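K.L.:
Residue numbers (my numbering): 2 to 219.
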Amino acid sequence: MVFRHLLRGRAQADAPGALRQARLYDLMSLVVFNRHRRRVYGRIVELSGAQPGDRVLDVGCGPGYLTALAAGAVASEGDAVGIDPSEPMIDRARQVRGHGNCSFELGKAEALTAPDASFDVVLSSLALHHGPEAARAKAISEMYRVLRPGGCAVVVDFRPPQGRLGQHLAGVLAGNDMRHNPIDRLAPMAQDAGFTSVTSGDLGFSLHYVRAYRPVSP
2 MVFRHLLRGR
12 AQADAPGALR
22 QARLYDLMSL
32 VVFNRHRRRV
42 YGRIVELSGA
52 QPGDRVLDVG
62 CGPGYLTALA
72 AGAVASEGDA
82 VGIDPSEPMI
92 DRARQVRGHG
102 NCSFELGKAE
112 ALTAPDASFD
122 VVLSSLALHH
132 GPEAARAKAI
142 SEMYRVLRPG
152 GCAVVVDFRP
162 PQGRLGQHLA
172 GVLAGNDMRH
182 NPIDRLAPMA
192 QDAGFTSVTS
202 GDLGFSLHYV
212 RAYRPVSP
């Protein structure tokens, strides 16, 4: 049930009681990662190489935990912007974490409103599995577009379990979002979008990341 809430929280965010769902999603994230949430999400920021003065975009930010950590990494000279298509999620993020150099806006991953080459770092955590493959590819292309040359993107999502039993349990606990999440398509999508130096790895807690860079020159 915990994983079902964590994986489906954003998808249900426009249902009745959606602000309560956003709060619950925030709580479930804390429960799932236990005392390790800051370490895991901090590792995502570390992988991006975000430095003081950088501009960071967090795509599919949910309640904004990762956005806030990124804001801390870039310090007062930089800023971090989180976007999410769910108004209740953005409301929750603004209430809890929207201050100083950390801000939140409504927006869709596959149709970013940011100008070309306007961010040094783009992050996305546990968001892309909610959309079909074509939307994921479009979202990654949009991340490439808004990154400055030399900028880094880090995309994190759940790795589906292996074996029949694991897949069955994932289906019971989290539905098809996790059981059929084609995580291995992320790196090829990044390459197709124009990214280079594409690498991948695991963060624990069944989390897989892809890190990629926009070339300094075409």
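Note that the Cβ used here is the ideal one computed from N, Cα and C, for glycine as well.
Model, not experiment: these values are computed from the prediction.
1) In the DSSP assignment, the alpha helix (DSSP H) including P64 goes from what residue to what residue?
2) If you run the structure through DSSP and keep just helix, strand and coil, what is G108?
3) Where does D158 land, buried or exposed, given buried means 16+ other C-beta within 10 angstroms?
4) Does DSSP classify L187 as helix, strand or coil?
5) What residue does the beta strand (DSSP E) around A213 start on, and which one ends it?
6) Could you pull out every residue in the same chain whose Cβ sits closer than 6 Å to the Cβ of A195, ignoring the five residues on either side in sequence?
7) Restricting to Cα atoms, I'd like to know which of V123, K139, T114 and G101 is closest to Y214.
8) Just confirm the distance between the C-beta atoms of D121 and D55, as a whole number of angstroms; I'd bet it's less than 8 Å.
9) Contact defined as beta carbons within less than 8 Å: I believe G79 pairs with P53. What is the distance between those atoms, to the nearest angstrom?
10) DSSP three-state label for L124, please.
11) Taking 6 Å as the limit between beta carbons, can you name the residues of its chain near S125, skipping five residues before and five after?
12) Is A188 near V211, with beta carbons less than 8 Å apart?
13) Below 6 Å CB to CB, which residues in the same chain sit around S142 once its five sequence neighbours on both sides are set aside?
14) Can you tell me which of Q96, D185 and R93 puts its alpha carbon nearest to the alpha carbon of H130?
15) What number of angstroms, rounded off, separates the C-alpha of V57 from the C-alpha of E134?
16) Could you check where the alpha helix (DSSP H) with G205 kicks off and where it finishes?
17) Using beta-carbon positions only, say whether R39 and G65 come within less than 8 Å of one another.
18) Run through the DSSP bridge pairs and tell me what L148 is partnered with.
19) If you follow the beta strand (DSSP E) that L129 is part of, which residue opens it and which one closes it?
P.N.:
Straight from the coordinates:
1) Taking the first residue of the sequence shown as 1, we reach residue 64 at position 63. Run containing P64: none; DSSP gives neither H nor E here.
2) As a first step, residue 108 is located in the sequence shown; it is residue number 107 there, counting from the start. In the structure shown, G108 sits in coil (DSSP, three-state: anything other than H, G, I, E or B).
3) On the sequence shown, position 157 is the one that residue 158 refers to. It is buried - the Cβ of D158 has at least 16 other Cβ atoms within 10 Å.
4) Residue mapping note: residue 187 aligns to position 186 of the sequence shown, counting from 1. In the structure shown, L187 sits in a helix (DSSP, three-state: H, G or I).
5) Along the sequence shown, one-based indexing puts residue 213 at 212. Taken as a continuous stretch (DSSP letters only), the beta strand (DSSP E) holding A213 covers L208 to Y214.
6) Position 194 of the sequence shown, counting from 1, holds the residue named residue 195. It should be noted that the sequence gives Gly, not Ala, for residue 195. Counting only Cβ-Cβ distances below 6 Å, and skipping sequence neighbours, we find Y145.
7) Here residue 214 is taken as the residue at index 213 of the sequence shown, counted from 1. Measuring from the Cα of Y214, the nearest candidate turns out to be V123.
8) Sequence index remark: in the sequence shown, residue 121 carries index 120 (1-based). Sequence index remark: in the sequence shown, residue 55 carries index 54 (1-based). Yes, D121 and D55 are in contact; Cβ-Cβ is about 4 Å, under 8 Å.
9) As a working note, residue 79 is residue 78 in the sequence shown. As a working note, residue 53 is residue 52 in the sequence shown. So it is a contact: roughly 6 Å between Cβ atoms.
10) For the purposes of this step, residue 124 is taken as the residue at position 123 of the sequence shown. Strand.
11) In the sequence shown, the residue the question calls residue 125 occupies position 124. Within the same chain, S125 has close Cβ partners V60, G61 and V156.
12) The sequence position of residue 188 within the sequence shown is 187, counting from 1. The sequence position of residue 211 within the sequence shown is 210, counting from 1. Result yes, Cβ atoms of A188 and V211 sit closer than 8 Å.
13) Taking the sequence shown and counting its residues from 1, the one referred to as residue 142 is at position 141. Around S142: A194.
14) Along the sequence shown, read from residue 1 onward, the residue named residue 130 stands at position 129. Nearest of Q96, D185 and R93 to H130, Cα basis: D185.
15) Here residue 57 refers to the residue found at position 56 when the sequence shown is read from its first residue. Here residue 134 refers to the residue found at position 133 when the sequence shown is read from its first residue. Cα to Cα, V57 sits roughly 25 Å from E134.
16) Position 204 of the sequence shown, counted from the first residue, corresponds to residue 205. Taken as a continuous stretch (DSSP letters only), G205 belongs to no alpha helix (DSSP H), being part of the beta strand (DSSP E) at T197 to G205.
17) Counting from one through the sequence shown, the residue named residue 39 turns up at place 38. Counting from one through the sequence shown, the residue named residue 65 turns up at place 64. Against a cut-off of 8 Å, the Cβ pair of G65 and R39 comes out as no contact.
18) Here residue 148 refers to the residue found at position 147 when the sequence shown is read from its first residue. In the DSSP output, where bridge partners are listed per residue, L148 has F120.
19) Translated into the one-based positions of the sequence shown, residue 129 becomes position 128. Where L129 is concerned, there is no enclosing beta strand (DSSP E), given that its DSSP letter is neither H nor E.
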